[in-house]
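**Student:**
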Amino acid sequence: MMIQIVKSKIHRAIVTQAELHYIGSITIDEALMEAANLIENELVQVLNINNGSRFETYVIRGERNSGVICLNGPAARLAQIGDPVIVISYAAMDFEEAKFFKPSLVFPDSNNRIPAK
54 MMIQIVKSKI HRAIVTQAEL HYIGSITIDE ALMEAANLIE NELVQVLNIN NGSRFETYVI
114 RGERNSGVIC LNGPAARLAQ IGDPVIVISY AAMDFEEAKF FKPSLVFPDS NNRIPAK
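For the sequence shown, our numbering begins at 54 and goes up steadily by one.
1) Of the choices 138, 132 and 142, whose alpha-carbon is the least far from that of residue 96?
2) Do the stretch 109 to 117 and the stretch 80 to 95 meet, that is, are 3 or more Cβ pairs less than 8 angstroms apart?
3) Spell out the partners DSSP gives residue 107 in its beta bridges.
4) From the DSSP secondary-structure annotation, give me the bridge partner or partners of residue 64.
5) Beta-carbon within less than 8 angstroms of residue 167's beta-carbon, same chain only, minus the 5 sequence neighbours each way: which residues are those?
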C-alpha cells in the first residue's frame, strides 16, 4: 500500500513579495529549497498562518540567501507581505518504508535565513 507523507516542510517563512501579474508559483530562496530538500517545479502546499488559506502551487528557485518567499499569480491574492506561511511537499511511499522516513524540516528565522546551529 502506498501512502502520502510529509517529505519537506519550511515552517513559518515570511512572505516577502507578491507578484499578481506573473505565472502562478512560489519563489523560494535557493538555500531554503536545499535545506528543505525541495526542487524547482515541485508541487507544494502553502498554508497561510494569518488567514488560514491553503493552496497548491509549484516551486521556482529564488536567489540564494535572498530570503525571498514570493507568491506569484493568483496565489498573490492569498497572502500579504509579512504573513507567515508553511510550505509543505509530500511523497508517495510504501507504508512500511514510510514508518522510518524522516522529512526535511526547516525553521527559518524572521529574515527567512537558516539559523546557525
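Even for Gly, the Cβ is constructed at its ideal location relative to N, Cα and C.
Owing to the predicted nature of the structure, the values given are computational and were not obtained by experimental measurement.
**Tutor:** On the basis of the supplied data:
1) 142
2) yes
3) 100
4) 139
5) 84, 85, 88, 159 and 161
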